[in-house]
Amino acid sequence: MIENNTNNLDVKSELNNEKGNKKYNKRTYKSRKENNNGEKEVKTKKIVKNNMDENKAIKTRKGNGSILDLPTFKKSNLKIIALGGLDEIGKNITIFEYEDEIVLVDCGLEFPDDDMLGVDIVIPDVTYLVRNKNKIKGLFITHGHEDHIGAIPYVLKQVNMPIYATRLTAKLIEHKLEEHRLLRTTKLNIVEQGQIINAGKMSVEFIRSSHSIPDACMLAIHTPAGVVVHTGDFKVDYTPIDGQIIDFARLAELGSKGVLALLADSTNSERKGFTLSEKSIGPVFDSLFEGCKKRIVVATFASNVHRVQQIVNSAVKFGRKIAVSGRSMINMINSARELNYIDAPDNLFIDIDNIKNYTDEQLVIMTTGSQGETMSALTRMANGEHRKVNLTGNDLVIISATPIPGNEKSVSKVINQLMKIGCEVVYSSLADVHVSGHACQEEQKLILSLVKPKYFLPVHGEFRQLMAHRDTAIEMGIDKNNIFITSNGRVLEVNETEAKFTTSVPSGKVMVDGLGVGDVGSVVLRDRQHLSQDGLIVIVMSMDGQTGEIVSGPDVISRGFVYVRESENLMDDVKSFIKEEIDSMVEKHIRDWSTIKSTLKDDVRDFIFNMTKRNPMILPIIMEV
Numbered sequence: 002m003i004e005n006n007t008n009n010l011d012v013k014s015e016l017n018n019e020k021g022n023k024k025y026n027k028r029t030y031k032s033r034k035e036n037n038n039g040e041k042e043v044k045t046k047k048i049v050k051n052n053m054d055e056n057k058a059i060k061t062r063k064g065n066g067s068i069l070d071l072p073t074f075k076k077s078n079l080k081i082i083a084l085g086g087l088d089e090i091g092k093n094i095t096i097f098e099y100e101d102e103i104v105l106v107d108c109g110l111e112f113p114d115d116d117m118l119g120v121d122i123v124i125p126d127v128t129y130l131v132r133n134k135n136k137i138k139g140l141f142i143t144h145g146h147e148d149h150i151g152a153i154p155y156v157l158k159q160v161n162m163p164i165y166a167t168r169l170t171a172k173l174i175e176h177k178l179e180e181h182r183l184l185r186t187t188k189l190n191i192v193e194q195g196q197i198i199n200a201g202k203m204s205v206e207f208i209r210s211s212h213s214i215p216d217a218c219m220l221a222i223h224t225p226a227g228v229v230v231h232t233g234d235f236k237v238d239y240t241p242i243d244g245q246i247i248d249f250a251r252l253a254e255l256g257s258k259g260v261l262a263l264l265a266d267s268t269n270s271e272r273k274g275f276t277l278s279e280k281s282i283g284p285v286f287d288s289l290f291e292g293c294k295k296r297i298v299v300a301t302f303a304s305n306v307h308r309v310q311q312i313v314n315s316a317v318k319f320g321r322k323i324a325v326s327g328r329s330m331i332n333m334i335n336s337a338r339e340l341n342y343i344d345a346p347d348n349l350f351i352d353i354d355n356i357k358n359y360t361d362e363q364l365v366i367m368t369t370g371s372q373g374e375t376m377s378a379l380t381r382m383a384n385g386e387h388r389k390v391n392l393t394g395n396d397l398v399i400i401s402a403t404p405i406p407g408n409e410k411s412v413s414k415v416i417n418q419l420m421k422i423g424c425e426v427v428y429s430s431l432a433d434v435h436v437s438g439h440a441c442q443e444e445q446k447l448i449l450s451l452v453k454p455k456y457f458l459p460v461h462g463e464f465r466q467l468m469a470h471r472d473t474a475i476e477m478g479i480d481k482n483n484i485f486i487t488s489n490g491r492v493l494e495v496n497e498t499e500a501k502f503t504t505s506v507p508s509g510k511v512m513v514d515g516l517g518v519g520d521v522g523s524v525v526l527r528d529r530q531h532l533s534q535d536g537l538i539v540i541v542m543s544m545d546g547q548t549g550e551i552v553s554g555p556d557v558i559s560r561g562f563v564y565v566r567e568s569e570n571l572m573d574d575v576k577s578f579i580k581e582e583i584d585s586m587v588e589k590h591i592r593d594w595s596t597i598k599s600t601l602k603d604d605v606r607d608f609i610f611n612m613t614k615r616n617p618m619i620l621p622i623i624m625e626v
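Residue numbers for the sequence shown follow our numbering, beginning at 2 and rising by one.
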């Protein structure tokens, strides 16, 4: 169930009347009516606050930017708890807990490591949220990337809670909820940048930010203990594609009034200088498109709507049609066009089935697979397995992305395969076809100087990146004793006078394998790794339940260990050894099946290791007759 934010505000807020707003939210803006001046206003729901200290007040913002005095509560410590996103890239989720209320920021996934065999995605352990689900006032989303929204459907199945997000982010979440059949039972609220959402004793302000996806926001969490700013993912782009510059004025205003703590993106904290503007990519695309007689294939992140817009601009400029391949890319472009975040002629996009009706010079194929993912469209094209696109030497392939750490080998493999086909391949090492969506050191310094936090928590990064961000903060004059390099699950309690670590809550990785959530743990992964490295030997035999003697078998089955037909002597030796072991146990009057199995497993493992220096998994199957 999608609703606009006005049902959850305790202040009036003017919403934008943009064409895109009307189109997307025509169902949700039913509470609007015309005032005497012909302007549209929003009916709001009055929320009564209990146990307030009437003698104290804080200033907060209406959606239109004005200041409103609201009473505050008796102050307690604010707890800040990250359940993911620290010492890792992905799985971002942070708890802000004040007394008996919780505000949750982001709920993302992480892609599995190479040793997580068979695992599709990794989500955070939300045991603490399940235990405290009655405290949760809402889930507030900074932007629509998978590492910030990907785990939402899985968490909602355990803890139902209202969600607050800007238009494009909400649309992407809606797709996920529909896929998991959760849309009817979930309260998905659309908010506007600049608005404040009441969340009990706390309130959450959405501040306009800049990233590689539209509608990105920083969040200011107003609490009785003080204001906490969470940057989400950001970069300082003075010439963004959509013209939406970070709301520096609001950050400075908050900083001048006093910010208790800042949580800031650390992804590029080791890089000096500034991140280039997304607009710098446009001329590069133009130069590649101009005079090109080949069909152009561009692989990029599906979520990078601004990058897509620049590809669109170049295609229009040089008279090419665009076909889209990859489900995530199709969904993202459709959603962005529906909300007017992509400006393109109606006849620009064609169905992938119709590319045969156009010459190479008339086509651009936009696809997923910039990270070399095994089942992505670009990888299937490179391997000749794509059902609709057959790459040839007359194709120019542009990989408009840099490999995420850990994906370098996969990307390199795809590039090599494309070159073997004869494709001309352009990637980040050869041309400036990609810029980051994350802030470098000088941009991080700017945010630190504007916000002026008392306490600083680097987030969203591996440990080395968190430490680099710490060093930058010290350089900016923040007391090193007020900087906290925390870890997932650790509880940091803060107030106006002190901040300290107190305890820890459950945290960790929950692995999703197919339809199974959490049923693949460390033991299962260890077995999978063992099987993948050393293979499996299955021992099958029937034994007399009275005497313990072998009635039939043993049969030895090898899977991933040796090829039986080429190792018959070894298999015969194993069978002979098993018979000797069983005879020995019969002589010792051992009749307990579990003892027989465990003894046989250990002894056969040692025997095979001495023979082959290999350590396969041993699985005895004994049938009693």
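C-beta atoms are modelled at their ideal positions from N, C-alpha and C, and glycine is treated no differently.
Practice task
Count the C-beta pairs between the region 260-268 and the region 291-310 that are closer than 8 Å, then say yes if the count reaches three, no if not.
Solution key: no
Practice task
Count the other C-beta atoms from every protein chain shown that fall within 10 angstroms of the C-beta of residue 92, then say buried if there are 16 or more, exposed otherwise.
Solution key: Taking the sequence shown and counting its residues from 1, one reaches residue 92 at position 91. It is buried - the Cβ of residue 92 has at least 16 other Cβ atoms within 10 Å.
Problem - Residue span of the beta strand (DSSP E) that contains residue 622, given as start and end - result: Along the sequence shown, one-based indexing puts residue 622 at 621. Where residue 622 is concerned, the enclosing beta strand (DSSP E) stretches over 618-625.
Handout entry: residue 160 - DSSP class collapsed to helix/strand/coil
Key = The count along the sequence shown starts at 1 and reaches residue 160 at position 159. Note: residue 160 maps to coil in three-state DSSP.
Problem - residue 258 to residue 363 span [Cα, whole Å] - result: As a working note, residue 258 is residue 257 in the sequence shown. As a working note, residue 363 is residue 362 in the sequence shown. In a straight line, the C-alpha of residue 258 is about 56 Å away from that of residue 363.
Handout entry: For residue 576 and residue 614, the rounded distance between their alpha carbons
Key = By 1-based counting over the sequence shown, the position of residue 614 is 613. By 1-based counting over the sequence shown, the position of residue 576 is 575. Rounded to whole angstroms, residue 614 to residue 576 spans 18 Å at the Cα level.
Practice task
Check whether the region 283-296 touches the region 344-352, counting contact only when three or more Cβ pairs, one atom from each stretch, lie closer than 8 Å.
Solution key: no
Problem - Host alpha helix (DSSP H) of residue 129 (start-end) - result: Translated into the one-based positions of the sequence shown, residue 129 becomes position 128. First-last of the alpha helix (DSSP H) with residue 129: 128-132.
Exercise for the section: Report yes or no: do three or more beta-carbon pairs, one from the region 122-142 and one from the region 503-515, lie closer than 8 Å? Expected result: yes
Practice task
Say whether the region 401-419 touches the region 442-454, bearing in mind that this needs 3 or more beta-carbon pairs closer than 8 Å, one atom from each stretch.
Solution key: no
Exercise for the section: Would you kindly check if the distance between the Cβ of residue 167 and the Cβ of residue 216 is under 9 Å? Expected result: Numbered from 1 along the sequence shown, position 215 holds the residue referred to as residue 216. Numbered from 1 along the sequence shown, position 166 holds the residue referred to as residue 167. Closer than 9 Å, so yes.
Practice task
Indicate the three-state DSSP secondary structure (helix, strand or coil) for residue 110 in the structure shown.
Solution key: As a first step, residue 110 must be located in the sequence shown, where it is residue number 109. DSSP places residue 110 in coil when its eight states are reduced to three.
Exercise for the section: Give the single residue among 386, 147, 435, 185 whose Cα lies nearest to the Cα of residue 329. Expected result: By one-based count along the sequence shown, residue 329 stands at place 328. It is 147 whose Cα lies nearest to the Cα of residue 329.
Problem - As assigned by DSSP and simplified to three states, the class of residue 242 - result: Counted from its first residue, the sequence shown places residue 242 at position 241. DSSP places residue 242 in coil when its eight states are reduced to three.
Problem - Simplified DSSP assignment, three categories, for residue 342 - result: For the purposes of this step, residue 342 is identified with residue 341 of the sequence shown, where counting begins at 1. If DSSP states are grouped into helix, strand and coil, residue 342 belongs with coil.
Practice task
Sort out for me which residues DSSP pairs residue 504 with in a bridge.
Solution key: Your numbering for residue 504 matches position 503 in the sequence shown. None, per the DSSP bridge assignment.
Problem - Helix, strand or coil at residue 141 [DSSP, three-state] - result: Translated into positions along the sequence shown, residue 141 becomes position 140. Residue 141 falls in the strand class under three-state DSSP.
Practice task
Tell me whether residue 364 sits in a helix, a strand or coil according to DSSP, three-state version.
Solution key: For the purposes of this step, residue 364 is identified with residue 363 of the sequence shown, where counting begins at 1. Residue 364 falls in the strand class under three-state DSSP.
Exercise for the section: Scan the region 197-254 and note each continuous beta strand (DSSP E) run of 3 residues or more that stays entirely inside, going in chain order. Expected result: 197-200, 203-209, 218-224, 227-231
Problem - residue 98: first and last residue of the uninterrupted beta strand (DSSP E) it sits in - result: Within the sequence shown, residue 98 is the residue found at index 97, counting from 1. Its beta strand (DSSP E) spans residues 94-99.
Exercise for the section: Can you give me the Cβ contacts of residue 580 inside the same chain, cut-off strictly under 8 Å, excluding the 5 residues immediately before and after it? Expected result: Along the sequence shown, one-based indexing puts residue 580 at 579. Excluding positions up to five away in sequence, the list reads 551, 555.
Exercise for the section: Specify the secondary structure class of residue 432 as computed by DSSP and reduced to three states. Expected result: For the purposes of this step, residue 432 is taken as residue 431 along the sequence shown, with counting starting at 1. In the structure shown, residue 432 sits in coil (DSSP, three-state: anything other than H, G, I, E or B).
Practice task
Within its chain, find whatever has a CB closer than 6 Å to the CB of residue 622; leave out the 5 residues flanking it on each side and keep chain order.
Solution key: Residue 622 sits at position 621 when you count from the first residue of the sequence shown. The residues are 541.
Problem - Per DSSP, cross-strand counterpart(s) of residue 556 - result: Counting from one through the sequence shown, the residue named residue 556 turns up at place 555. DSSP lists 541 as partners of residue 556.
Exercise for the section: Would you identify the three-state DSSP class for residue 647, choosing helix, strand or coil? Expected result: The chain is shown only over 2 to 626; residue 647 falls outside these bounds and no answer can be derived.
Handout entry: Euclidean distance between Cα positions of residue 110 and residue 142
Key = Against the sequence shown, residue 110 aligns to sequence position 109. Against the sequence shown, residue 142 aligns to sequence position 141. Rounded to whole angstroms, residue 110 to residue 142 spans 13 Å at the Cα level.
Exercise for the section: Return the bridge partner residues of residue 462 from the DSSP annotation. Expected result: Looking up residue 462 in the sequence shown gives position 461. In the DSSP output, where bridge partners are listed per residue, residue 462 has 87, 89.
Practice task
Along the beta strand (DSSP E) that carries residue 512, what are the first and last residues, could you check?
Solution key: As a working mapping, residue 512 is identified with position 511 in the sequence shown. Unbroken beta strand (DSSP E) run through residue 512: 510-514.
Handout entry: Counterpart residues of residue 262 in DSSP-defined beta bridges
Key = Working through the sequence shown from its first residue, we reach residue 262 at position 261. In the DSSP output, where bridge partners are listed per residue, residue 262 has 229, 456.
Practice task
In the DSSP assignment, find the unbroken beta strand (DSSP E) run with residue 491 in it and report its ends.
Solution key: Sequence index remark: in the sequence shown, residue 491 carries index 490 (1-based). From DSSP, the beta strand (DSSP E) with residue 491 extends over 491-495.
Exercise for the section: Compare the beta carbon distance of residue 467 and residue 486 with 9 Å and say whether it is the shorter of the two. Expected result: Along the sequence shown, one-based indexing puts residue 467 at 466. Along the sequence shown, one-based indexing puts residue 486 at 485. Yes.
Exercise for the section: Examine the Cβ distances between the region 486-499 and the region 74-88 and report whether three or more of them are shorter than 8 Å. Expected result: yes
Problem - Distance between residue 291 and residue 170 (C-alpha atoms, nearest Å) - result: The sequence position of residue 170 within the sequence shown is 169, counting from 1. The sequence position of residue 291 within the sequence shown is 290, counting from 1. Cα-Cα distance, rounded: 34 Å.
Exercise for the section: Out of 176, 498, 203, 385, point me to the one whose CA is closest to residue 424's CA. Expected result: For the purposes of this step, residue 424 is taken as residue 423 along the sequence shown, with counting starting at 1. That would be 385, whose Cα lies nearest to the Cα of residue 424.
Exercise for the section: Sort out for me which residues DSSP pairs residue 396 with in a bridge. Expected result: Within the sequence shown, numbered from 1, the residue matching residue 396 stands at position 395. DSSP, once it has assigned bridges, lists 296 as partnering residue 396.
Handout entry: residue 324 - DSSP class collapsed to helix/strand/coil
Key = Sequence index remark: in the sequence shown, residue 324 carries index 323 (1-based). Correct three-state label for residue 324: strand.
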